[in-house]
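Chemist: In this note's numbering, the protein residues as written are 216 to 411.
Note that beta-carbon positions come from the ideal geometry of N, C-alpha and C, so glycine has one too.
Right, I'll just put the structure down here and ask away after.
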């Protein structure tokens with residue numbers, strides 16, 4: 216997205232949070248394609264025949280976003296970070312409602328690797344990863360947020376740094392450490408939950 220367009224989206228977000236409903240009407244067409252891209256990334260990791268489709272995921276996120284007027288939107292990156300978080304919550308809630316067990320429910324294991332940032336890769340263990348991210352948030356909330364923004368939100372290092380108000384070097388350091396921590400945590404689950 217060009218800088219002028221990103222600034223326009225930021226201004227619309229700020230206008231919307233100040234109660235200007237016309238800003239939301241102008242904003243939605245500008246962000247629709249990016250929201251669909253986020254939703255497609257999420258849906259690639261879901262099983263075949265999943266009853267929740269990309270359009271439905273975008274619509275669910277829209278409904279939650281429209282009710283988020285109280286958010287003090289910082290900028291376009293902040294909006295997409297919140298959108299990614301909402302989509303993650305929707306899918307995790309859906310998976311839990313469909314009867315998945317807390318630690319896996321028979322879904323194949325996934326590794327956290329830089330390659331997973333690509334939209335063609337499948338991510339199956341949403342519930343397990345969500346649990347591990349919650350545990351990481353208890354230990355280090357910023358590292359958890361870095362994973363959420365980069366892995367789920369698809370934000371670049373620079374966009375993540377902007378949202379978190381830290382340097383890109385800090386984001387990369389947090390990203391590496393968080394991946395190692397999550398791999399270890401998820402490996403515990405794979406090994407039967409041993410804490411050794």
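As an exercise, report each continuous alpha helix (DSSP H) stretch of at least 4 residues that is fully enclosed by the segment 256-312, in chain order.
Modeler: For the segment 256-312, whole alpha helix (DSSP H) runs of length 4 or above, ordered along the chain, are 269-281 and 291-312.
Chemist: Helix, strand or coil: how does DSSP classify residue 341 here?
Modeler: Helix.
Chemist: Just how far apart, CA to CA, sit residue 396 and residue 299?
Modeler: About 22 Å.
Chemist: Grouping DSSP H, G and I as helix and E and B as strand, with all else coil, what is residue 359?
Modeler: Residue 359 falls in the helix class under three-state DSSP.
Chemist: When the distance is taken between beta carbons, is residue 362 closer than 9 Å to residue 295?
Modeler: Contact flag unset, no.
Chemist: For the alpha helix (DSSP H) containing residue 379, name the first residue and the last one.
Modeler: Here the alpha helix (DSSP H) through residue 379 covers 372-379.
Chemist: Tell me which same chain residues have a C-beta within less than 8 Å of the C-beta of residue 286, skipping the five on either side of it?
Modeler: Within the same chain, residue 286 has close Cβ partners 232 and 297.
Chemist: Quick one: using the 10 Å Cβ neighbour count with 16 as the cut-off for buried, is residue 377 buried or exposed?
Modeler: It is buried - the Cβ of residue 377 has at least 16 other Cβ atoms within 10 Å.
Chemist: For my contact list, residue 256 and residue 369 are in at a C-beta cut-off of 8 Å; report their separation, rounded to the angstrom.
Modeler: The Cβ separation is near 6 Å, so the contact holds.
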